[in-house]
Amino acid sequence: MYNASVYLIKRFRSKKSSLHKHLQTLLHCTLCIVHCTFFFSCEEEKKPAKSVAYVGPIEEIKDVNLRYSEAALLKVKLTTARQFRYLNDDRKYPDVVHIDFYDPGGQQIVTTLRSDSGRYDRAKDLYTVMGHVVVVNKQKQEKLQTNLLNWNPNTKKVFTENKVIITSQLTGEKLYGIGMDADQDFSRYTIRKVSGMFNLETGQ
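Residues in the sequence shown are numbered from 863 upward in steps of one, following our numbering.
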């Protein structure tokens, strides 16, 4: 009887010790998991948030009316519904653009330009109009059509690398070409590569 009691007590103590060890191991693993979670959480908090540079417009102007003058004489007027200005001072005109070119006295419009949209490159000091560009020289009664046209207000020159069609509104005759250089009022122009000509006088 005594031996059996001693055996049961020893076995109980052995199980208790084993259970204690299991509890210690479980507690240790739990503490490790908590420590790792806290560590990685802190690491994530320490990482700086990635900043994304803003590239959109910084200003929007409606009912734009830009005028270029020389010696107090009006030379060019640009009108459009909206203008977006950017940090580098570039500008975009998402709506229809109208440009009027005036005679030397700044009184009468000699040439008109219309396009679907436009933009201004501040670094190049260059205006570009795009989409269904139509230029009409009222004095010569000629119409130019292209899909992109550049205008430099500093050199007072207009040019394009694209296809152009020049139509005489008097005779209906047409001149086809690729690439063109012209004065800003279209009083004189040069077609870089003529691809079709139908007895159209260029006035040069």
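We put the CB at the ideal spot given by N, CA and C, even for glycine.
Beta-ladder partner(s) of residue i, from DSSP
i     : result
G1039 : V1026, V1056
D962  : K939, T974
F946  : E922, K954
Y1051 : A1044
Collapsed DSSP secondary structure at residue i in the structure displayed
i     : result
K1018 : coil
F900  : For F900, the predicted structure reports a pLDDT of 46, less than 50, and the residue's modelled location is therefore unreliable. A value from the coordinates is still provided. F900 falls in the helix class under three-state DSSP.
Per-residue burial, residue i [other beta carbons within 10 Å of its own, 16 or more giving buried]
i     : result
D1047 : buried
L949  : exposed
E932  : exposed
Y1051 : buried
G980  : buried
V996  : exposed
N999  : buried
G1034 : exposed
R1054 : exposed
R929  : exposed
Boundaries of the beta strand (DSSP E) in which residue i is found, first to last residue
i    : result
V926 : 921-932
R981 : 979-983
If we require 3 or more residues per run, which beta strand (DSSP E) segments fall completely within the region 987-1013?
988-999
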